[in-house]
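Working notes for the structure below.
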DNA sequence: GAATTGTAGGGAAAAGCCCGGG
DNA sequence: GCCCGGGCTTTTCCCTACAATT
């Protein structure tokens, strides 16, 4: 693995001049605010306490986030600049937190994290995984790339580059959506695509009322009412209502695993299995028990856990009953 | 050793969207 | 230009098994 360089506060901010800020549309400005707030909260969680009000407040209040000449963050108030030395000290701490694990001289940290804190360092190997993930994530925000392609995940550092890049998507396609910039080879395709923005769904199921953009989608949907499964696996005879579901099933016979985790290389037969696996790297646990607050990475794990509470309830009820006797 | 938890394999159903052929 | 079918991708929910941990 390549060594990671230390990350400073300036590394994880994206700073705009007035001119650059003016080029962003509303959604891009919102994205910028969300990303900056997320970055700053990560740093605060690492003990990097400066600028809580000076930076977060404008972000939260939706103020214009640019400064004349220097940019929003470089142009901070003299109050902030006066805190330079204390700030540097805290920054050093934060930097040490998110440095590489083989750094042999890890300084003691000022802010101690709770045992649940997934980013706790303290030299523990298993905790670094999440710190590394954080660092990786922070690094994704270090480039000044406000020009974002709307057709692919690419972001570019200059308007002219973006214009060049756009041609990749529009080449040979004369009809462009004025809402998202996506290009189509014929205008009926564009009209159909525009329905995804307007919410128009002209094909309605007369049984359940569900509506669809395309007639073929309605036909597909109708199979769920008729129970018809025209796609049959030639190996085991199992039948499916959609060809793609059959293909998915066929991978269990072929062993094909086209979805690979870019972090550990493990491969999966389904996209959703990969997504689920990725949560083991990010530490994300979106399923929370409403009784004890414990979180789980998988819905089924939560349900299984909830069953243990049911066991408790039964035991409690039993002990109450015993008390009454 | 039992209970609990983390993780992954796989099934099933469904929807969104695009492409190409007629 | 339009309709239609096919195909790709993704999402959600579910059940289950196995290994690791408590």
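Residue numbers (our numbering): 8 to 332.
No residue lacks a Cβ here, since even glycine has one placed at the ideal position from N, Cα and C.
As the structure is a prediction and not an experimental result, all values here were calculated from the model.
Here the C-alpha atom of residue 303 lies approximately 5 Å from the C-alpha atom of residue 292.
By the beta-carbon neighbour count (other beta carbons within 10 angstroms, threshold 16), residue 263 is exposed. Sixteen is the threshold: when 16 or more other Cβ atoms of the shown chains lie within 10 Å of the Cβ of residue 309, as they do, the residue is buried. Here residue 235 is exposed, its C-beta having fewer than 16 other C-beta atoms within 10 Å. 298 is the residue among 285, 231, 298 and 221 whose C-alpha sits nearest the C-alpha of residue 316. Residue 294 and residue 284 have their C-alpha atoms spaced approximately 15 Å apart.
Among the bridge pairs identified by DSSP, residue 190 is matched with 183. If you ignore the 5 residues before and after residue 191, its C-beta comes within less than 7 Å of the C-beta of 180, 182, 197 and 200, all in its own chain and listed in chain order.
In the DSSP assignment, residue 302 is bridged to 295. In the structure shown, residue 257 falls within a helical segment according to DSSP collapsed to helix, strand and coil. If you ignore the 5 residues before and after residue 221, its C-beta comes within less than 8 Å of the C-beta of 199 and 210, all in its own chain and listed in chain order.
For residue 240 against residue 253, the beta-carbon gap comes to about 6 Å, under 8 Å, which counts as contact.
When DSSP states are grouped into helix, strand and coil, residue 313 belongs to the helix group. For residue 239, the secondary structure class from DSSP, reduced to helix, strand or coil, is strand. Beta-carbon to beta-carbon, residue 256 and residue 245 are separated by about 6 Å, close enough to satisfy the 8 Å threshold.
Out of 218, 193, 204 and 195, the CA that lies nearest to the CA of residue 187 is found in 204. No Cβ-Cβ contact shorter than 8 Å links residue 259 with residue 248. Of the candidates 207, 288, 193 and 226, 226 places its Cα closest to the Cα of residue 213.
For residue 229, the enclosing alpha helix (DSSP H) has its first and last residue at 222-233.
The bridge partners DSSP lists for residue 274 are 267.
When beta bridges are read from the DSSP output, residue 218 appears opposite 211.
In the DSSP assignment, residue 246 is bridged to 239.
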